[in-house]
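Going left to right, the sequence shown walks through residues 13 to 272 as the working numbering numbers them. Don't be surprised by glycine CBs; every beta carbon is placed ideally from N, CA and C. Predicted model, so just to flag it, every value in this text is computed and none were measured. First comes the structure, then the notes that go with it.
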Amino acid sequence: MTEQSDKRLSGKIAVVTGSAMGLGEAIARGFARQGAKVACIDLQPAPNEALVADIKSGGGDAISLIGDVARAADTERLAKAVTGHYGRIDILVNNAGVLPSRETVLHTSEADWDETMRVNVKGVFLMSKAVIPEMIKAGGGAIVNMSSITGLVGLPVRPAYSASKGAVAILTKQMAVDFGGDNIRVNALSPSFVITAINKPMFDKMKEEGEPWERLLDMHPLRHLGQPEDVAHAAIFLASDEASWITGVILPVDGGYTAC
Ligand SMILES: NC(=O)c1ccc[n+]([C@@H]2O[C@H](COP(=O)([O-])OP(=O)(O)OC[C@H]3O[C@@H](n4cnc5c(N)ncnc54)[C@H](O)[C@@H]3O)[C@@H](O)[C@H]2O)c1
């Protein structure tokens with residue numbers, strides 16, 4: 013066997029949204045290390061292109077595509093660009109997401125509610141809608157959606173975000189039912205806290221205001237927060253043929269947070 017064929021995603025064509033930083037970046041890097049060719053999709057050209065250049069300089073294969081996952085004109089163009097470049101799509105990671113406000117329902121603006129739902133829910137719908145026909149043509153595929161522990165249990169001051177991640181969880185199960193017959197598996201990851209741009213302001217504010225942010229650690233039986241790579245490893249597993257009989261699963265990647 014060649015070294016290439018030992019890799020867990022060898023020969024797969026993968027699309028990762030929200031790839032320019034955070035969890036998406038770790039997933040794109042992890043996929044490339046496991047032999048996938050990765051179409052990296054984000055709104056931010058500079059960091060996305062830097063990521064692709066870095067993957068290529070390490071011997072991987074990736075392209076950078078810029079667009080909004082929640083605009084149908086963009087998602088159709090992006091899916092065409094991937095198949096134009098790589099010929100087909102085997103894996104879709106719907107990772108792009110936003111968390112514009114941290115308030116109770118009483119102080120969440122309509123605009124923040126709409127933007128959260130637009131990106132976090134409509135983005136998963138539109139990317140899936142654009143890519144699934146390509147997976148059907150290819151004879152099957154694997155979709156990994158990014159939910160969150162907030163889609164499974166109640167956390168303070170994030171009503172729109174929690175509702176959006178709960179929607180992603182049930183949409184995952186729903187699509188798993190509709191497309192199992194096309195050999196398309198649809199699963200989701202539900203991470204707990206991993207410090208990235210999406211929640212760094214929360215940690216900074218807690219520290220600034222002298223809040224005992226370390227109490228968060230006690231809510232995790234493993235007593236530490238996650239790293240982007242913890243989430244990437246789970247994404248690699250669900251996207252790979254090792255998970256070939258797993259669909260409709262919402263997998264917590266949370267240091268045990270939802271166990272207690
Ligand atoms: N970090 C955590 O603790 C955590 C926990 C649970 C779930 N998540 C989820 O994981 C995903 C990634 O989060 P992260 O922490 O890496 O966030 P991040 O803010 O670091 O990265 C998000 C990326 O998505 C891109 N993006 C945002 N809107 C987009 C759009 N409309 N079209 C295309 N790209 C867009 C951004 O440009 C950015 O590169 C999100 O869905 C988030 O809700 C994160």
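For the stretch 126–137 against the stretch 226–239, do three or more pairs of beta-carbon atoms, one drawn from each stretch, fall closer than 8 Å, so that the two count as touching? In this structure the stretch 126–137 does not lie against the stretch 226–239, because fewer than three pairs of beta carbons, one per stretch, are closer than 8 Å.
Review point. Mind checking Asp124: buried by the 16 CB within 10 Å criterion, or exposed?
Key: By one-based count along the sequence shown, residue 124 stands at place 112. Under the 10 Å beta carbon count, Asp124 is surrounded by 16 or more other beta carbons and is classified as buried.
Which residue from Ala175, Leu183 and Thr87 puts its Cα closest to that of Ala142? Sequence index remark: in the sequence shown, residue 142 carries index 130 (1-based). For Ala142, the closest C-alpha among the options Ala175, Leu183 and Thr87 is that of Thr87.
- Task: Return yes when the C-beta of Met129 is under 8 Å from any heavy atom of ligand 1, and no when it is not.
- Result: Mapped onto the sequence shown, residue 129 falls at position 117. In this structure, the C-beta of Met129 stays at least 8 Å away from each heavy atom of ligand 1.
| said: Between the stretch 174–187 and the stretch 216–230, can you find at least three pairs of beta-carbon atoms closer than 8 Å? | reply: Verdict: no, contact absent.
* Between Ile161 and Asp102, what straight-line distance do the alpha-carbon atoms span, to the nearest angstrom? -> Residue mapping note: residue 161 aligns to position 149 of the sequence shown, counting from 1. Residue mapping note: residue 102 aligns to position 90 of the sequence shown, counting from 1. The straight-line gap from Cα to Cα measures roughly 27 Å.
### Query
Which class does Asp86 belong to by DSSP, given the choice of helix, strand or coil?
Your numbering for residue 86 matches position 74 in the sequence shown. DSSP places Asp86 within a helical segment (H, G or I) once states are collapsed to three.
- Task: Taking Val198 and Met214 to be in contact with their CB atoms under 8 Å, please state how far apart those CB atoms are, rounded to whole angstroms.
- Result: Locating residue 198 in the sequence shown gives position 186, counting from the first residue. Locating residue 214 in the sequence shown gives position 202, counting from the first residue. Contact doesn't hold; Cβ gap of about 30 Å is too wide.
| request: Would you give the residue range spanned by the alpha helix (DSSP H) that Arg227 belongs to? | output: The residue you call residue 227 lines up with position 215 of the sequence shown. From DSSP, the alpha helix (DSSP H) with Arg227 extends over Arg227 to Asp230.
Would DSSP call Glu254 helix, strand or coil?
Position 242 of the sequence shown, counting from 1, holds the residue named residue 254. Correct three-state label for Glu254: helix.
(request) Answer yes or no: do Leu63 and Ala48 have a C-beta to C-beta separation smaller than 9 Å? (result) Counted from its first residue, the sequence shown places residue 63 at position 51. Counted from its first residue, the sequence shown places residue 48 at position 36. Going by C-beta atoms, Leu63 is not nearer than 9 Å to Ala48.
Between the Cα of Thr128 and those of Ala58, Glu254, Gly109 and Val81, spot the shortest distance and give me the residue it belongs to. Start at 1 with the first residue of the sequence shown, and residue 128 comes out as number 116. For Thr128, the closest of Ala58, Glu254, Gly109 and Val81 by C-alpha to C-alpha distance is Gly109.
Shorter than 8 Å, the distance from the beta carbon of Gly178 to the closest heavy atom of ligand 1, or not?
Position 166 of the sequence shown, counted from the first residue, corresponds to residue 178. No, Cβ of Gly178 sits at least 8 Å from all heavy atoms of ligand 1.
Return helix, strand or coil for Thr14, following the three-state DSSP convention.
Within the sequence shown, residue 14 is the residue found at index 2, counting from 1. With a pLDDT of only 42 at Thr14, under 50, the local geometry of the prediction cannot be trusted, and no value is derived from it.
**OP:** Give every residue of the same chain whose Cβ lies closer than 8 Å to the Cβ of Gly151, excluding the five residues on either side of it in the sequence, and list them in chain order.
**Re:** Working through the sequence shown from its first residue, we reach residue 151 at position 139. By the criterion of a C-beta distance shorter than 8 Å, Gly151 is surrounded in its chain by Asn195, once the five residues flanking it on both sides are discounted.
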